[in-house]
Structure formats: C-alpha cells, structure tokens
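**Q** In the working numbering, each number is its position in the sequence shown, counted from 1, plus 43.
Quick reminder that beta carbons are idealized off the backbone N, C-alpha and C, glycines included.
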Amino acid sequence: MDLKHMQLLKPEHTLDMILEALEDLVQYELAVVLTYDGSDTLAVSKVKGELYTPELEDYRISLKEREDLARIISRQRTYLFGEDEQHLDTYYDVLEMPDHHSCLVSPLFVQDELVGLMTLDHRICGVYSEKIVRFIETLSKLIAVNLAQSSASRALNARNQELLRERNHLLKHSSRELKDLIGTSPAWVQVLDNIRLVAGTPAPVLIQGETGTGKEMAARAIHRLSSRASGPFAAVNCSTLTPSLAESELFGHERGAFTGAHALRKGRFEIADGGTLFLDEIGDLPMEIQPKLLRVIQEGYFERVGGEQSVSVDVRIIAASHVDLAEAVEKRSFREDLYYRISVFPIHLPALRDRGDDTLLLAETFLQEIRGRRGYGNVRFSDTALEMLRRRSWPGNVRELKNAVERSALLSRGGMIRPEHICRDSRQTASSVACCSEELTDLDSAVRNHIRQVLVHTKGRIYGDEGAAKILQVKPSTLQSRMKRLGISPEAFR
Numbered sequence: 044m045d046l047k048h049m050q051l052l053k054p055e056h057t058l059d060m061i062l063e064a065l066e067d068l069v070q071y072e073l074a075v076v077l078t079y080d081g082s083d084t085l086a087v088s089k090v091k092g093e094l095y096t097p098e099l100e101d102y103r104i105s106l107k108e109r110e111d112l113a114r115i116i117s118r119q120r121t122y123l124f125g126e127d128e129q130h131l132d133t134y135y136d137v138l139e140m141p142d143h144h145s146c147l148v149s150p151l152f153v154q155d156e157l158v159g160l161m162t163l164d165h166r167i168c169g170v171y172s173e174k175i176v177r178f179i180e181t182l183s184k185l186i187a188v189n190l191a192q193s194s195a196s197r198a199l200n201a202r203n204q205e206l207l208r209e210r211n212h213l214l215k216h217s218s219r220e221l222k223d224l225i226g227t228s229p230a231w232v233q234v235l236d237n238i239r240l241v242a243g244t245p246a247p248v249l250i251q252g253e254t255g256t257g258k259e260m261a262a263r264a265i266h267r268l269s270s271r272a273s274g275p276f277a278a279v280n281c282s283t284l285t286p287s288l289a290e291s292e293l294f295g296h297e298r299g300a301f302t303g304a305h306a307l308r309k310g311r312f313e314i315a316d317g318g319t320l321f322l323d324e325i326g327d328l329p330m331e332i333q334p335k336l337l338r339v340i341q342e343g344y345f346e347r348v349g350g351e352q353s354v355s356v357d358v359r360i361i362a363a364s365h366v367d368l369a370e371a372v373e374k375r376s377f378r379e380d381l382y383y384r385i386s387v388f389p390i391h392l393p394a395l396r397d398r399g400d401d402t403l404l405l406a407e408t409f410l411q412e413i414r415g416r417r418g419y420g421n422v423r424f425s426d427t428a429l430e431m432l433r434r435r436s437w438p439g440n441v442r443e444l445k446n447a448v449e450r451s452a453l454l455s456r457g458g459m460i461r462p463e464h465i466c467r468d469s470r471q472t473a474s475s476v477a478c479c480s481e482e483l484t485d486l487d488s489a490v491r492n493h494i495r496q497v498l499v500h501t502k503g504r505i506y507g508d509e510g511a512a513k514i515l516q517v518k519p520s521t522l523q524s525r526m527k528r529l530g531i532s533p534e535a536f537r
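Listed below in structure tokens is the structure:
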C-alpha cells in the first residue's frame, strides 16, 4: 500500500468521507462531531455543512454547565428535539438559528464508554424522521469507533513524537555528557550504548571492571544523563571503610552518639538524597554493614547512629567493583541478596588491552591536553613510541596510560616522545622492559604506525586540506589502498 492510500485510511480522513456520504442520505446544514476528554468537556473535532463558521473549530462544551446535554448523553440514545420543545441550542453563543428548526443529538459510545457526541442541525423544521433517527443511531456506532481510533492514533502519534524528542535530546545530550569516555572499539561502544540505555531508568547499576578502567567516570555519566542530573552525586570508596566507620559514613550520626560526635553529621545517603550515590569497591564493604545497606535500598529509610527517628531518602544506587561479586557471593564474602539488589543492570568495562586502537586515541587525547600548557605546544609521539603504546598490556588500564603520557611528556621536555621516555618507570615489568628494547625492523610496521599517528591527528579524515592524504603528500586513493593492505580502518580514529 502506497503512502497516498495510507493517508486516506487515517481515521480523520475516513470521518470526513463518512460525513460527506451522510449528506447524500440525510439533509443537514451543520454536522459536528465532538470528542470527549474523559472528565467534563466536549471539544469540536470535525465540522461540515453550509452553516460552518470558524468559531466552531475551537468550540468546547462543559457538561457541568450543559446539564440538558449531559442528561441526553446519559441515556445513550440518539435524541431528536421536538418541534415545539423548548431547549437551548447546542451552539447558541456562536450560531444563530431560527426559533423552529431541526436539531438532532447522538451520543457516541464504545462499549458503554463515552467518546464523543454528534449533532445534526437544519434551519427547516421536520427534516429528520423517526426512520432517520434510527439510521443515525446505527451510524453513530461506526462514528464512535472511528473517533476512538482517531483519539488513539493521536495519542500514539503524540507519544511517538515525545519519544523522538526524548531520543534526540538524549543523543544530543549524551554526546556531550559522554565526551570524556573516549573510544571507538566495539567493546567500548557497547559500554556507551548500555550507559545511554540505563541512564533514563531508576534501575540500580553495577559497574565491574579492572582497576583504572573508568568506573567512576561511567557512574558520573549515568548520573548526568539521568533525570537526577540536577541532584547531588555522592561517592564513597567502600574499601576505606572499617566496620566502626562505615555505618557513620553511610548513614550519619547524632550528636553524642559516640565519643567525638560533637554535632549531628549527615551520612552519604542523606547527602545524595534526590540524586545518585556511587558505592565504589562495594565488594570491600564490611559484612556487618551489608544487611543495613540492603535494608536502606529496599525500604528507602534508615536511622542515624545514635538516633531513633527514621530518615527517608530517595537515592539511586550505582555500585562498582574490580572483583567478581558473583564469585564473592559463592565464597560467602558478599551477601547474595544484596548482590541481586544492586546488580539489576550490570555493565562490564573492558580492560584497555581489549580495546584495540582506543589506546592510541586516549594517548593522543591526553597529550592534546598537555599541549595546552606553556612550553609543551610541540610535544608529540614518535612512531616507535606509538607502537610501544599499542603493544603494552597496561595492567593499570586508562589510569596507568594517562600517568605514562604525563610522565613521558615531562621527560621529553615538550619535544618528541620516544620509547625510552615511556619505559622510564620505577614500576617497570619485565614485559615492558622487553618491549622497550625491541627495535622495529619491519618497514610495514613503521608505515602502519606513521599512518595511524597522522589519522589520530586528523581524527580519521583522509580528504581535504586537513586530511591525512594532504599531510602524507599522497593521493587519497593511494592512501586508502595502503591502509586497506595494512589493515587500518579510518573509522577507528573518528
């Protein structure tokens, strides 16, 4: 079915056709279909006939004020006003009719639910016979279904438009809020998609990944993209909490609760009220505190240390851990019921070694920040340094990479960063030392690394004055052929 036919089958178009066909069977000078809002008001939806006036387009009728119409509607039958019957015209304040005229009112019901009202008017008396009244009563059932479909269609369209606006806002908003979560590898793109997906819900989130993978940054991104973005974001590192300190830190304490408690102190839950509480390294939370944490998450209230009055809070929980909490549950070092409560939506952050060329993107981003400092405007990576960055395993992940870039920029004195600058680390591992000592003898490796460095600089752009081909002084088609042979994808650098 083509678009033209689909437009014709829309409820509002079929109602037009019904009223036009009705005019061939029943004489009317004004046919009006009104929609019921579900509470008190009838609003004009469609007007046909030679008595049409623009004032009818936005006309509304309050059934509380028009008790006469309310009574007719309650009978659920089509009603024809008698020739000598005194009544208030339906549209008395916008349309002047002669004292004696034909006026018919037909309530529109779908399964005993009022959806609207249809009225037919003619300036001549006696136009509508009992046979026509019965016909209109039957036709009204079809018009009622049409009106219900039209209402549902408008509601669905409005909801779709609302969802589209929300989606566009979220995508536009998220591109800004996720700008610090740099990476284009498939594993990292999946993380970003999960963050966007869960941010708009109230579901608790469990972020798991090795140390240095960016768990708190991910948590902050979820908060910024959520409806709680204007509320507080409170973070607590559970690995630093002893059993005696944890309860006061999380739930606060009253004045005099213990020695040294000279004043009332709010805990992290109260500080995060209306916002997000980030429980970092929750796997290290003392077992004695875990039941109390579970209760607050379930019930939304707690008592401060030394207090008797319950404190109610509205907090979204985002937890993080570098250990496998499911394994911790099996070892009985973490409560199973608490684990299921906080892991409604788990997100796993991949290690940097599993993110491909994201290492180079991150390194260049960190170096670009350093270039803004005085004396470091020309700092840059050598090809061999880039190869080394790519080949290292980075057990400390993004945090270790950032520190290495910072240190190597200092050691290079704002000039060319070479492998020895990256390797000068008091915590060198055997693998990193071996990596530094290796010499690149493969020409393809050198060419591949140089092209990658240029693509990092151009953000994957090949064509144009600021493209990689211009910088490398080769034709774009030649560069693309060489990139294809060397297994380099420009999308990885955008």
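Near F424, what residues of its chain come up, given a Cβ to Cβ distance below 6 Å and the 5 sequence neighbours on each side ignored?
**A** Cβ within range, chain order: I460.
**Q** On the three-state DSSP scale, how would you describe V170?
**A** In the structure shown, V170 sits in coil (DSSP, three-state: anything other than H, G, I, E or B).
**Q** Is the beta carbon of G159 less than 7 Å from the beta carbon of L151?
**A** Yes.
**Q** Only counting runs of 4 or more residues, tell me where the alpha helix (DSSP H) segments fall wholly within the region 232 to 316, in order along the chain.
**A** Taking only runs of at least 4 residues, the alpha helix (DSSP H) segments lying wholly in the region 232 to 316 are 258 to 268, 286 to 294, 311 to 314.
**Q** What distance in whole Å lies between the Cβ atoms of Q523 and I494, which are believed to be in contact at a cut-off of 8 Å?
**A** Actually they do not touch by this definition, with Cβ atoms about 11 Å apart.
**Q** Strictly by DSSP, which residues pair up with G159?
**A** BP columns for G159 point to T78, L151.
**Q** Please report the distance separating the alpha-carbon of M49 from that of D136.
**A** Reliability of the predicted coordinates at M49 is poor, the pLDDT of 40 falling under 50, and the value obtained from them is presented with this limitation in mind. Whole-angstrom Cα-Cα distance: 38 Å.
**Q** Work out the CA separation of L293 and H266 for me, nearest whole Å.
**A** Cα to Cα, H266 sits roughly 19 Å from L293.
**Q** According to the neighbour-count rule (16 or more other Cβ atoms, all chains shown, within 10 Å of its Cβ), is S273 buried or exposed?
**A** With fewer than 16 Cβ atoms within 10 Å of its Cβ, S273 is classed as exposed.
**Q** Is A277 near A315, with beta carbons less than 7 Å apart?
**A** It is a contact, given that the beta carbons lie within the stated cut-off.
**Q** List in chain order: all unbroken beta strand (DSSP E) runs of 3+ residues lying wholly within the region 381 to 412.
**A** 388 to 392, all fully within the region 381 to 412.
**Q** Note down, in chain order, each residue of its chain lying with its Cβ closer than 8 Å to the Cβ of D357, except the 5 sequence neighbours on either side.
**A** Around D357: D316, G317, G343.
**Q** In whole angstroms, what is the alpha-carbon distance linking A262 and N189?
**A** Spanning the two alpha carbons is a distance of roughly 48 Å.
**Q** Between the beta-carbon of S228 and the beta-carbon of G503, is there less than 7 Å?
**A** No, these two residues do not count as a Cβ contact at 7 Å.
**Q** With distances taken Cα to Cα, identify the nearest neighbour of G326 among R298, P275, E379.
**A** Nearest C-alpha to G326: E379.
**Q** If you scan the region 346 to 382 from start to end, which runs of the alpha helix (DSSP H) of 4 or more residues do you find wholly inside it?
**A** Taking only runs of at least 4 residues, the alpha helix (DSSP H) segments lying wholly in the region 346 to 382 are 368 to 373.
**Q** At the level of alpha carbons, what is the spacing between L58 and T96?
**A** Roughly 19 Å between the two C-alpha positions.
**Q** Count the other CB atoms within 10 Å of the CB of V232; is the residue buried (16 or more) or exposed (fewer)?
**A** Looking at its Cβ environment, which holds fewer than 16 other Cβ atoms inside 10 Å, V232 is exposed.
**Q** Counting pairs of Cβ atoms below 8 Å between the region 401 to 415 and the region 362 to 375, do you hit three or more?
**A** No, the region 401 to 415 does not touch the region 362 to 375.
**Q** Using the Cα positions of F543 and I361, report the straight-line distance between them to the nearest angstrom.
**A** The chain is shown from 44 up to 537; residue 543 falls before or after that span and cannot be answered.
**Q** By a C-beta neighbour count over all protein chains shown, 10 Å radius and 16 as the cutoff for buried, is V79 buried or exposed?
**A** In the sequence as presented, Val is not what sits at residue 79; that position holds Tyr. Flag for Y79 reads buried.
**Q** So E72 and L94 are in contact, right, with Cβ under 8 Å, and what is the actual spacing, rounded?
**A** Yes, they are in contact, since the Cβ atoms of E72 and L94 sit about 5 Å apart, within 8 Å.
**Q** How about T319 and R384: do their beta carbons lie closer than 7 Å?
**A** The answer is no: Cβ separation not under 7 Å.
**Q** For the beta strand (DSSP E) containing A86, list its first residue and its last residue.
**A** Looking at the DSSP string, the run of the beta strand (DSSP E) that includes A86 is 84 to 91.
**Q** Is the separation between the beta-carbon of K91 and that of L62 shorter than 7 Å?
**A** Yes, Cβ-Cβ distance for K91 and L62 is below 7 Å.
**Q** Considering only residues of the same chain and omitting the five flanking positions on each side of R537, which have a CB-CB separation below 7 Å?
**A** Answer for R537: T227, K502, G503, listed in chain order.
**Q** Please classify F124: does DSSP put it in a helix, a strand, or coil?
**A** Correct three-state label for F124: coil.
**Q** Evaluate S287 with the Cβ neighbour count: other Cβ atoms within 10 Å of its Cβ, from every protein chain shown; 16 or more gives buried, anything less gives exposed.
**A** Exposed: under 16 other Cβ atoms inside 10 Å.
**Q** Just to confirm my understanding: we take A113, look at its own chain, exclude 5 residues before and 5 after, and list those with CB closer than 7 Å. What are they?
**A** L106, listed in sequence order.
**Q** Can you find a C-beta in chain C that's less than 7 Å from the C-beta of S149?
**A** Reference to chain C is not applicable here, since this structure consists of a single protein chain.
**Q** Apart from the five residues just before and just after R450, which ones in its own chain have a Cβ nearer than 6 Å to its Cβ?
**A** None.
**Q** Just list the residues that DSSP pairs R103 with in beta bridges.
**A** Looking at the DSSP assignment, R103 forms a beta bridge with A86.
**Q** My guess is that R442 and G303 are in contact by the Cβ rule of under 8 Å, so how many angstroms apart are they, rounded?
**A** Contact flag wrong, Cβ pair sits at about 35 Å.
**Q** Exposed or buried, which one is E173 when buried takes at least 16 other CB atoms within 10 Å?
**A** By the neighbour-count rule (16 or more Cβ atoms within 10 Å), E173 is not buried but exposed.
**Q** So what's M459 in DSSP terms, helix, strand or just coil?
**A** In this structure, M459 counts as strand in the three-state DSSP scheme.
**Q** Could you check whether A511 and T529 sit closer than 7 Å to each other, using their CB atoms as the reference points?
**A** According to the sequence as given, residue 529 is Leu; it is not Thr. Going by C-beta atoms, L529 is not nearer than 7 Å to A511.
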